Structure formats: C-alpha cells, structure tokens
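**Q** Numbers 4 to 366, taken from the numbering used here, label the letters of the first sequence in order.
Backbone N, C-alpha and C fix where the C-beta goes; we use that ideal spot for every residue, glycine too.
On a predicted model such as this, the values are computed, not experimentally measured, just so you know.
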Amino acid sequence: MGTAVDVESKMKLVLRDVEEVVTVEELRGLLETGGGKGYIGFEPSGLFHIGWLIWAYKFRELVEAGFRMVLLAATWHAWINDKLGGDMELIRAAARHVVDVLNALGLENKFEVVYAEDLVDSAKYWETLIRVAKLTSLARVRRALTIMGRKADESEADFSKFVYPLMQVTDIFELDVDVALGGIDQRKAHMLARDVAEKLERKKIVAVHTPLLPSLQGFSKMEVGELPRDELMAEVKMSKSKPESAIFVTDSDEDIRAKVMGAYCPPREVEGNPVLGIAKHVIFRGSEVEFTIERPSKYGGPVTYWRYEDLERDYVDGRIHPMDLKASVAEYLAKKVVGPIRSCVARPEREELLRKIRAAITR
RNA sequence: CCCGCCGUAGCUCAGCGGCAGAGCGCCCGGCUGUAGUGUGGGGGCCGAGACCGGGUGGUCGGGGGUUCGAAUCCCCCCGGCGGGACCA
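1) Taking the continuous alpha helix (DSSP H) assigned at Val-144, which residues delimit it?
2) With which residues is Phe-251 paired in a DSSP beta bridge?
3) Near Arg-322, what residues of its chain come up, given a Cβ to Cβ distance below 8 Å and the 5 sequence neighbours on each side ignored?
4) Please report the straight-line C-alpha distance between Ala-119 and Ala-363, rounded to a whole angstrom.
5) Starting from Val-104, trace the beta strand (DSSP E) in both directions and tell me its first and last residue.
6) CB-CB under 8 Å to Trp-79, same chain, minus the five flanking residues each way: which ones, in chain order?
7) Roughly how many angstroms lie between the CA atoms of Lys-301 and Ala-249, to the nearest whole one?
8) Rounding to the nearest angstrom, what Cα-Cα distance links Ala-68 and Arg-361 in this structure?
9) Check whether the region 280-290 and the region 17-24 are in contact - that is, three or more C-beta pairs closer than 8 Å.
10) Which of helix, strand or coil does DSSP assign to Arg-367?
11) Are three or more beta carbon pairs between the region 45-56 and the region 267-276 nearer than 8 Å?
12) Closest to Lys-359 by CA distance: which of Leu-30, Arg-31, Leu-33, Asp-90 is it?
13) Arg-31 lies in the alpha helix (DSSP H); which residues open and close that run?
14) Mark Ile-133 as exposed unless 16 or more other C-beta atoms lie within 10 angstroms of its C-beta, in which case mark it buried.
15) Let me know the secondary structure DSSP gives Pro-217 once reduced to three states.
16) Only counting the same chain, and skipping five residues up and downstream in sequence, which positions put a Cβ closer than 8 Å to that of Trp-309?
17) At what residues does the beta strand (DSSP E) containing Val-348 begin and finish?
18) Quick check on the burial criterion: 16 or more other C-beta atoms within 10 angstroms. Buried or exposed for Phe-162?
19) Report, in whole angstroms, the separation of the C-beta atoms of Ile-208 and Ala-200, which I expect to be a contact under 8 Å.
20) Specify the secondary structure class of Glu-229 as computed by DSSP and reduced to three states.
21) Out of Val-102, Glu-35, Leu-184, Ala-142, state which residue places its alpha-carbon closest to the alpha-carbon of Val-210.
22) The alpha helix (DSSP H) that contains Ile-259, what's its start and end?
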C-alpha cells in the first residue's frame with residue numbers, strides 16, 4: 004500500500020502546521036498500511052469561526068492522505084457543556100452549519116457525518132462507557148477535565164461534566180477510529196483514551212493536535228493577574244460567545260476588516276499576537292503561500308512574503324507596521340479564505356438556519 | 001506522550017543487601033455486665049463495646065538480572081497517585 008515516497012509525502016501533509024502528533028511513528032505505521040479511520044468531534048455551539056478552520060483544513064488533509072474521516076457532531080457533549088442553552092434543536096442546526104462549511108471546503112461526499120445521537124442510541128455505547136469508567140479512577144477523570152480546574156471548583160459543576168471525558172473516550176472506541184484529530188486543548192482527553200485503550204486492549208489512537216488561535220482581543224496584563232486560570236484560557240481562545248473576538252465564516256468583508264483592525268496587535272511582538280497567529284496558522288500553514296502586504300510607498304511600498312518565518316522576522320524587526328499587517332491579513336481573509344466559504348454557506352435556504360443560530364448565541 | 005513518587009498481611013504503613021514486621025482488623029477465650037428485651041420491682045436468660053490473654057495472618061505488584069545471599073541494587077512490564085503537556 005503506497006510506496007515509500009507516497010508515505011513520506013502523506014506524512015508531510017499530515018504534519019503540516021500541526022502542534023503535535025502522538026506519536027509520529029504510529030502515524031507512519033498507519034500510512035504504511037494504507038491509512039485507516041479518523042475523526043474529529045466538535046461541539047456545535049454557534050457560528051463557525053476561523054479558529055476552527057485550522058482543524059477543518061487538517062481534516063481535509065487527512066482525507067487527502069487517505070484516511071476515512073468521520074465528523075462527529077458532538078451534540079450531547081454540547082448539551083453537557085450548556086451550549087446554545089442546551090437546546091438540542093439549535094445544537095443540531097449548528098451542527099448542520101459546520102457540515103456546510105466542510106462541504107464548502109471541497110469535502111462534499113468525502114467524509115461521514117455521525118451525530119452523537121446515533122452513537123448514544125445503542126446499549127453497546129453505554130456498555131463501553133461503563134467499561135471505560137471501570138478502568139478509570141475519579142482522580143484520573145478529574146485530571147482530564149479541560150473546563151474546570153481547582154479554582155472554578157467541582158462543587159459548582161453538575162456531575163454530567165465528569166461524564167464528558169468518558170464519552171469522548173467511548174466515542175473513539177465506538178467509532179473504532181485509528182486517528183483522533185483535535186485542537187491541542189483536546190490533548191488530555193486523547194491521552195486518557197490512549198491509557199484506557201491499553202487496558203481495554205482496543206485500538207490506541209494516534210492523536211493529531213492542531214494549534215489554537217488567540218482571541219482577537221488579546222489580553223491585558225491586568226486580566227492575566229485577576230482572572231482564574233481556566234477562565235483566562237476561555238478568554239484567550241477565540242470564542243463564539245464574544246462575537247467581537249472571533250471572525251466567522253459568515254462575516255462580510257466589512258465585518259472582517261473591522262474586526263481585524265480592532266484586534267490586539269502589539270508592534271514587533273509575536274507572543275499572543277492574534278493577527279500574526281492568523282497569518283501563521285490560517286494563511287501560511289507551514290507552507291509557501293503568496294502573501295502581499297500592500298502599503299503606501301512612503302512606508303516602503305508593497306512587499307510579498309512566501310514564508311511565514313520571513314514575515315515574522317520582519318515584523319519583529321519593526322519593518323512591518325501592525326496597521327499594514329492588519330490590513331493585509333484582513334484582505335487575505337476576506338478574499339481568499341472567508342469569501343469562498345461564505346458564498347457556499349450563506350445560501351438563501353440557509354438563511355433561516357443562520358438567523359436562528361445567531362439569535363441564540365447573542366441572547 | 002513526558003517527568004516524579006508509590007506498590008510489603010484484609011486496611012494504614014515500617015523495614016531498604018543477611019530470620020518478613022508494627023498498629024488496626026479478624027478468630028478463640030477471659031473479664032465486665034452497658035443498651036436493648038420487660039408494665040414496674042426482683043430474678044433469670046441472650047449479650048455489644050472497652051479491656052486482658054492467646055491465635056490468624058504474605059506469591060514483599062509481575063518478570064528477568066547482579067549477588068554466596070534481594071522486599072532491599074539494576075533492567076523491562078503492569079497498576080496507582082501527582083505534575084506537565086497551546087495559553088496560563
């Protein structure tokens with residue numbers, strides 16, 4: 004199955020702009036034997052924002068690398084996390100919207116969609132969940148929780164939150180996948196799945212983790228000091244609950260421009276800079292891409308970059324002004340990234356769907 | 001996936017190259033004679049805890065190695081706990 008050259012080119016594709024893969028050797032093993040099945044679970048929680056594009060692109064690359072990919076609409080999980088007010092009808096609507104976006108990325112009929120309802124409907128699912136629970140101590144589950152830590156403490160969380168990691172692990176076994184895709188924030192759940200897989204003598208997933216985008220708002224030093232860690236984390240991640248902090252695939256070019264221009268973007272600084280983050284993980288993505296910064300000749304005139312590293316170096320050196328970076332990133336997003344998706348997703352027959360989702364997240 | 005600590009009696013742990021240990025528990029006995037049982041008094045019977053005495057306790061997590069000798073040192077594995085793991 005596939006020559007050595009084939010395997011290496013697929014490796015390169017999968018490893019492109021990835022935060023980490025656990026483990027790279029296991030991934031190679033899968034590619035050498037012809038791929039396998041992969042999945043990503045997402046919580047339908049509102050409109051699709053460009054932070055999600057990072058995993059969506061990776062999802063497409065996994066398809067290209069020969070994996071049979073499953074998109075798990077984690078509707079029950081969204082319910083547990085009180086997304087969209089726990090309104091299942093809305094949650095399912097948001098899930099359809101995500102499917103629309105993937106289709107817009109040229110993936111129509113190239114992946115399978117599974118709703119959590121389908122999984123959860125069988126007794127087998129719950130049997131597996133109990134088996135997983137039998138092999139996992141409460142302390143271990145607690146350590147796998149992303150949401151809360153020691154601060155926003157357990158007495159305030161309803162118990163369903165503790166079932167969540169077990170469901171993530173169960174999803175993996177029930178879907179019988181070889182690869183789990185997710186943002187690096189999913190690492191804990193995936194590691195739990197790997198631990199349990201050994202005990203249960205099930206397939207041990209290869210975990211592919213993509214980077215996360217910081218909020219357009221960034222964060223001030225004051226906030227860092229005052230917010231509890233986990234809340235801060237939630238703040239920093241690009242979040243749908245704060246519309247101004249994220250760019251949605253349904254945003255107009257004007258929206259995009261306004262949001263990017265309003266973004267946190269300290270000159271010469273890379274750390275926590277959301278605009279550079281977009282350039283790195285949404286535009287360049289670890290490959291050669293033509294990216295031109297248009298600027299008045301009095302500021303140096305237009306300059307074209309092919310590699311993110313060169314752009315970052317010049318930005319750090321102060322040769323690129325935040326204003327020019329923002330304008331160019333906004334332009335690129337509007338024309339090359341969001342534009343094509345928007346035209347597919349915001350069709351008339353989806354108007355009602357989008358309106359409902361929008362209404363739900365702003366209320 | 002990475003780092004650290006731990007795994008010895010049913011439980012909590014000590015021992016860390018030279019006889020496998022303590023406390024608790026459990027079993028037997030003694031002592032005591034409480035609560036309960038009784039309408040009350042008296043008596044009888046059953047009889048807990050505490051205390052005293054005796055007894056019961058083990059593949060020293062598994063496997064390999066080093067050694068005259070391994071719970072003890074080394075390696076591998078399994079299990080538990082804590083931490084880390086984008087951002088903090």
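**A** So, from the listed chains and residues:
1) In the first sequence, counting from the first residue as 1, residue 144 sits at position 141. Its alpha helix (DSSP H) spans residues 141-147.
2) Position 248 of the first sequence, counted from the first residue, corresponds to residue 251. His-52, per the DSSP bridge assignment.
3) The residue given as residue 322 occupies position 319 in the first sequence. Once the five neighbours on either side are set aside, the close Cβ partners of Arg-322 are Gly-303.
4) Translated into positions along the first sequence, residue 119 becomes position 116. Translated into positions along the first sequence, residue 363 becomes position 360. If I take the Cα positions, the gap works out to 21 Å.
5) Mapped onto the first sequence, residue 104 falls at position 101. Element bounds for Val-104: not the beta strand (DSSP E) but the alpha helix (DSSP H), 91-105.
6) As a first step, residue 79 is located in the first sequence; it is residue number 76 there, counting from the start. Excluding residues within five positions, the ones whose Cβ falls inside 8 Å are Ala-119, Glu-120, Val-123, Met-170.
7) By 1-based counting over the first sequence, the position of residue 301 is 298. By 1-based counting over the first sequence, the position of residue 249 is 246. In a straight line, the C-alpha of Lys-301 is about 32 Å away from that of Ala-249.
8) Within the first sequence, the letter at position 65 stands for residue 68. Within the first sequence, the letter at position 358 stands for residue 361. In a straight line, the C-alpha of Ala-68 is about 35 Å away from that of Arg-361.
9) yes
10) The structure shown does not extend to residue 367, since the chain spans only 4 to 366, so no value can be given for it.
11) no
12) Working through the first sequence from its first residue, we reach residue 359 at position 356. For Lys-359, the nearest C-alpha among the options comes from Asp-90.
13) As a position in the first sequence, residue 31 is number 28, starting the count at 1. Residues 27-35.
14) Walking along the first sequence from the start, residue 133 turns up at place 130. That one is exposed.
15) By one-based count along the first sequence, residue 217 stands at place 214. It is a strand residue.
16) Start at 1 with the first residue of the first sequence, and residue 309 comes out as number 306. Cβ neighbours of Trp-309 beyond the five flanking positions: Glu-291, Val-292, Glu-293, Phe-294.
17) Taking the first residue of the first sequence as 1, we reach residue 348 at position 345. Note, Val-348: premise wrong, no beta strand (DSSP E); alpha helix (DSSP H) at 342-348.
18) As a working note, residue 162 is residue 159 in the first sequence. So Phe-162 ends up on the exposed side.
19) Locating residue 208 in the first sequence gives position 205, counting from the first residue. Locating residue 200 in the first sequence gives position 197, counting from the first residue. That belief holds up - the Cβ atoms of Ile-208 and Ala-200 are roughly 7 Å apart, short of 8 Å.
20) As a position in the first sequence, residue 229 is number 226, starting the count at 1. Any reading at Glu-229 must be qualified, since the residue scores a pLDDT of 35, below 50, and its modelled position is unreliable; the value itself is stated next. In this structure, Glu-229 counts as helix in the three-state DSSP scheme.
21) In the first sequence, residue 210 corresponds to position 207, counting from 1. Contrary to the premise, residue 210 reads as Ala rather than Val in this sequence. The option with the nearest alpha carbon to Ala-210 is Leu-184.
22) As a first step, residue 259 is located in the first sequence; it is residue number 256 there, counting from the start. From DSSP, the alpha helix (DSSP H) with Ile-259 extends over 256-264.
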